[in-house]
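Below is one structure, written out as structure tokens; the observations come after it.
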Ligand code: CP
């Protein structure tokens, strides 16, 4: 073999010796980080973080609208809704627009989700289109964690299955503090000591109940869950500290400054036998019951309301009702969450507001 032939054979050998295959899999999905600007669970908010969000909501609400519209000017926010919504969707959209962001709504009925596209692929697609933050409502508990890990974007949970609705809990808290005359700047772990909040109704299926039950005790409140066994299992008291179960609605009313009524979620009742007449007679917030047992309490409801079932029209529209104020508080709280999500990096590095 000539020297030339020798060199050619060695080159051929080098070329045909295969390198070990490259690893195609990504790092373990569950090790992927969640963007710190996300808001997925109420349990992630310390009292100090809650205070910052409430103070930010107050400041943003008061700010000159022209100045406010520069805060997130041209930032891209996607609203990804797999379930219907009036309050949450509209208030997130108005909040984003008030801060100057561009918004786009993707709903399961008018997008490729209908053709079977997965949440992960939808999220990756929205990111590739320039979305910088995704607001997600999903019928599946835990979906916001998947979306946050898959995209690396801040994800704001607008309600996931029967799990959580943290922005609702924050706007509920703002409503409670306003009723009690407590300033946002005064919020600490002890602010709601001595305050009992009754949450009554379909606790089993309620993400609102869960987020409130996780958030309010962090500020010292006692949360009294109330409802029949079918809708309130005994183990619910184990959700966290400061939570008790009380079956007798009138006894709960007598102890409470705040009463949150919940909708009976017909769409999630599957297989449960709930006698609605019996439910009304024991758990309805009727004018007679409220006047007799909780004449000074604030009556709340996250909506949508089924008038004549869990609450009467008289109570929903009455002087003790905080329902319209809850809806109103949706925009400032969601402005604060959006700014935390999108300007948080700057603030975390010391830029602040
Ligand atoms: N409170 C609430 O989540 O209402 P929507 O379903 O209308 O958003």
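Residue numbers (the working numbering): 1 to 353.
By construction, the Cβ of each residue, glycine as well, lies at the ideal position given by its N, Cα and C atoms.
Here the structure is a predicted model, which means the values were calculated and not measured.
The closest heavy atom of the ligand CP lies 7 Å or more from the beta carbon of residue 332. Proximity to residue 256 across 289, 211, 296 peaks at 296, based on C-alpha coordinates. Under the DSSP assignment, residue 314 falls in the alpha helix (DSSP H) whose first and last residues are 313–316.
Not one heavy atom of the ligand CP lies closer than 7 Å to the C-beta of residue 67. Its Cα nearest to that of residue 330, the residue 173 stands out among 202, 253, 173. DSSP lists 224 as the beta-bridge partner residues of residue 244. In this structure, DSSP gives residue 323 a helical state, which the three-state scheme calls helix. In the DSSP assignment, residue 125 falls outside any beta strand (DSSP E) and within the unbroken alpha helix (DSSP H) covering 119–128. Shown in chain order are the residues whose CB sits closer than 7 Å to a heavy atom of the ligand CP: 84, 85, 86, 87, 88, 89, 159, 165, 168, 208, 302, 303, 304. Rounded to whole angstroms, the gap between the alpha carbons of residue 184 and residue 53 is 9 Å. If you ignore the 5 residues before and after residue 123, its C-beta comes within less than 7 Å of the C-beta of 134, 147, 150, 151, all in its own chain and listed in chain order.
Secondary structure at residue 188: coil, using DSSP grouped into helix, strand and coil. When secondary structure is reduced to three states using DSSP, residue 81 falls in the strand class.
When DSSP reads this structure, residue 274 sits in no beta bridge, so it has no partner.
The continuous alpha helix (DSSP H) containing residue 291 extends over residues 287–293.
Here the alpha carbons of residue 78 and residue 126 stand approximately 7 Å from one another. For the pair residue 192 and residue 216, the CB atoms are nearer than the 8 Å cut-off. Within the model, the alpha-carbon separation for residue 264 versus residue 305 is close to 9 Å.
The beta-carbon distance between residue 333 and residue 170, rounded to whole angstroms, is 5 Å. This is short enough to meet the 8 Å contact definition. Under the DSSP assignment, residue 54 falls in the alpha helix (DSSP H) whose first and last residues are 47–62. Distance between residue 228 and residue 94, taken at the CA atoms: about 37 Å. Residue 275 is positioned such that its CB atom lies no closer than 8 Å to that of residue 207.
Around the beta carbon of residue 157, 16 or more other beta carbons lie within 10 angstroms, which makes this residue buried.
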